[in-house]
Structures are given as C-alpha cells and as structure tokens.
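Just so you know, the sequence shown maps onto residues 1 to 160 in UniProt numbering.
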Amino acid sequence: MGLFSFIKDAGEKLFGGKEAQAATPAAPSQDELNAKAAQAITAYIASQNLGVSNVQVAYDATQGKVTVQGDAPTQAAKEKVTLCCGNVASVTSVENLMSVTHPEPQAQFHDVVRGDTLSAIAKKFYGDANKYPVIFEANKPMLTHPDKIYPGQKLRIPAL
1 MGLFSFIKDA GEKLFGGKEA QAATPAAPSQ DELNAKAAQA ITAYIASQNL GVSNVQVAYD
61 ATQGKVTVQG DAPTQAAKEK VTLCCGNVAS VTSVENLMSV THPEPQAQFH DVVRGDTLSA
121 IAKKFYGDAN KYPVIFEANK PMLTHPDKIY PGQKLRIPAL
C-alpha cells in the first residue's frame, strides 16, 4: 500500500492540544506524548469494529507519521485502518504494514475539497452521482452520514 499522505489540521481530534504544547519541567516527554497518541489511535481503530487483530500503532509527532501493523481480514479493512489513522488531526502520513488474510484489489482514494459531496465524487469516479451510497458504505463506520464529509478528509473509493 505504501505511505499515504494526509492533511495535518484536518480530522478527529484524538490527542494533542494543551498537553502537547506544555513546556513546564513536569510536562510529559515527547516519547510519552507519542505513546499516548498511539494509544488514542489504537482505541479509535478498535471503536470502529473493523475485525482487525494484533493492532500495533506507533506515532512520531516530529514527522506526524503513524505506522500501523497487525492482521486485517480483508483489503477493505486494511484500507479503513489507514483512514482511521490518517483522518486524525496532527497526522500527515500513514504507513500501513498490516497483513491481509483475503487479499483483494486496492481501492482508489480521494481527498475531499471544499464543495465536494458524495454525489459529486461518485459522478467523478463512477460517472453516476446516484452511486454515492457505494462510497458512503465503503467509508463506514468513519462516516456516519452521507452529508458529513469535510475538506482534507481522505475517502476510500472502491471499484464497482
């Protein structure tokens, strides 16, 4: 799958904030902050119920990079893990090293820009705006409603 790029300031706010900015002597070390961020991302992946196992996440704040390992039952689950990791604020790249039990062709990806809708994206990739439910389903459970996408978000676009 390679290394995927994401927009740093877009996405779920799972960690960081005031804690990451603290500069007092009692402030956590960068290694501790990285470990805490990795735990938050791991918990977020688990909350999506993707059927993945043995998930191990490493986060490097200096690069904004997440590296994830583990086992995925399908290519779709592996790709959704990439999106779970990347669509998090402060993450700029994801290296997904997960193994897949049942390999399938890799999906395409789309970076949402201002004015995008799932219908417009479906028209672009499939030639039919009414195919937007395919994209919505391919990005569940990260997407909870077809109208709730935001600029900077990366979406999985499966083949029809």
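Backbone N, C-alpha and C fix where the C-beta goes; we use that ideal spot for every residue, glycine too. All values derive from a computational prediction rather than experimental measurement.
Residue i - DSSP class collapsed to helix/strand/coil
i: residue 109; result: strand
i: residue 88; result: strand
i: residue 121; result: helix
i: residue 149; result: coil
i: residue 154; result: strand
i: residue 47; result: helix
i: residue 144; result: coil
i: residue 139; result: coil
Paired residues, beta bridge with residue i - DSSP
i: residue 59; result: 66
i: residue 74; result: 102
i: residue 3; result: 95
Burial state of residue i, where buried means 16 or more other Cβ atoms lie within 10 Å
i: residue 144; result: exposed
i: residue 76; result: buried
i: residue 114; result: exposed
i: residue 79; result: buried
Own chain, CB closer than 7 angstroms to residue i, minus 5 neighbours either side, in chain order
i: residue 21; result: With a pLDDT of 46 at residue 21, under the threshold of 50, the modelled position of that residue is not reliable, and no figure is offered here.
Proximity to residue i [Cα-Cα], best of the options
i: residue 97; options: 159, 31, 129, 81; result: 81
i: residue 71; options: 61, 108, 45; result: 45
Cβ neighbours of residue i in the same chain (closer than 6 angstroms, five flanking residues each side left out)
i: residue 123; result: 129
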